[in-house]
Amino acid sequence: MALLETLVVVLGVALLGALAVVLKTRLFPVAEDEEPREDVAEYIAMMVSVLYAIVLGLCLVSVWDTRSAASDHVQAEASALHQTYLLADALPDDRREPLRAAARTYAGHVVDVEWPMMAARQPLDASGWRLLELLRQAGEVGDTASVSQQIAAQEVLAQLGYVDDARRGREAAAQERLSPVLWAGLIIGGVLTLTFMFIFGIHHTRTHVVMVMGLAGFIAFTALLVHQLDDPFGAMLGTGPDAFVRYFT
Numbered sequence: 123m124a125l126l127e128t129l130v131v132v133l134g135v136a137l138l139g140a141l142a143v144v145l146k147t148r149l150f151p152v153a154e155d156e157e158p159r160e161d162v163a164e165y166i167a168m169m170v171s172v173l174y175a176i177v178l179g180l181c182l183v184s185v186w187d188t189r190s191a192a193s194d195h196v197q198a199e200a201s202a203l204h205q206t207y208l209l210a211d212a213l214p215d216d217r218r219e220p221l222r223a224a225a226r227t228y229a230g231h232v233v234d235v236e237w238p239m240m241a242a243r244q245p246l247d248a249s250g251w252r253l254l255e256l257l258r259q260a261g262e263v264g265d266t267a268s269v270s271q272q273i274a275a276q277e278v279l280a281q282l283g284y285v286d287d288a289r290r291g292r293e294a295a296a297q298e299r300l301s302p303v304l305w306a307g308l309i310i311g312g313v314l315t316l317t318f319m320f321i322f323g324i325h326h327t328r329t330h331v332v333m334v335m336g337l338a339g340f341i342a343f344t345a346l347l348v349h350q351l352d353d354p355f356g357a358m359l360g361t362g363p364d365a366f367v368r369y370f371t
């Protein structure tokens, strides 16, 4: 969802909240002799606000941790792959270009094939793992290689081990989802907060409208923020393939 669409949604929710306040005030005006309920309103509003803040904090921490972990895995995978590419210089002449070509092919597959699939929440197939296996085979050297070349080949295998681990973490992060329980708490908490503002309304309609508009807009904004961060490889706030592009273009 683009930034403009996000702002439109937030503004729309705020305007709907304002319209609901005006309709409620016109249809159900507060009677002059109605008993004051400010104490009850303050207590309920305080409890709901505290609980909602806790749920919101848990949601934000959860999605941010997933997004940060996804970014770390991508950086580690791209860095290890780049080190593998550079180590080709220390291998025998007949193994250098095959290893470099295999590294470029793997990086291109990650950027062009796997990234759109992860952004669309689609599970990855086994083609990436097959390319990684071809990369391992390209880095193998024979018994005729010198000691320094054999040491370089061992370092290539070590770096590919890092690529393997980071790839597993990236795939796991792409399938992470915010708990449905937290989503339910986020939505229900927002609805309850606005509902109690209607039940225990402020007598001044203009003040009430401004408060509900601000609160409704803020709740919509936080819900959309959590939704965007819950997609660690999304187009708006997700991690991009810049690390692979930087190293292999």
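Quick note: the sequence shown uses our numbering, first residue 123, plus one each step.
All C-beta atoms in this analysis are idealised placements derived from N, C-alpha and C, irrespective of residue type, glycine included.
Since the structure is predicted, the reported quantities are computational estimates derived from the model, not experimental observations.
Nearest to Q281 by C-alpha distance, out of Q272, A248 and L209, is L209.
When the alpha-carbon of T361 is set against those of A200, S249 and E277, the nearest one is in A200. Counting along the chain, the unbroken alpha helix (DSSP H) around M240 starts and ends at W237 to A241. Of all C-beta pairs linking the segment 346-356 to the segment 240-256, three or more are shorter than 8 Å, placing the two stretches in contact. Residues Y207 and A210 of the same chain have their beta carbon placed closer than 7 Å to that of R222, with the five preceding and five following residues left out of the count. The C-beta distance from L308 to V348 rounds to 7 Å, short enough to meet the 8 Å contact threshold. Distance from the CA of Q197 to the CA of R292, rounded to the nearest whole angstrom, comes to 10 Å. Comparing alpha carbon positions, the residue from P363, T344, F366 and F370 closest to V135 is T344. A check of alpha carbon separations from D187 across L300, A175, P220 and A357 identifies L300 as the nearest. Rounded to the nearest whole angstrom, the C-alpha separation of E219 and D286 is 21 Å.
Within the same chain, V263, A267 and Q271 come within 7 Å of P214 by CB-CB distance, once the 5 residues on both sides are set aside.
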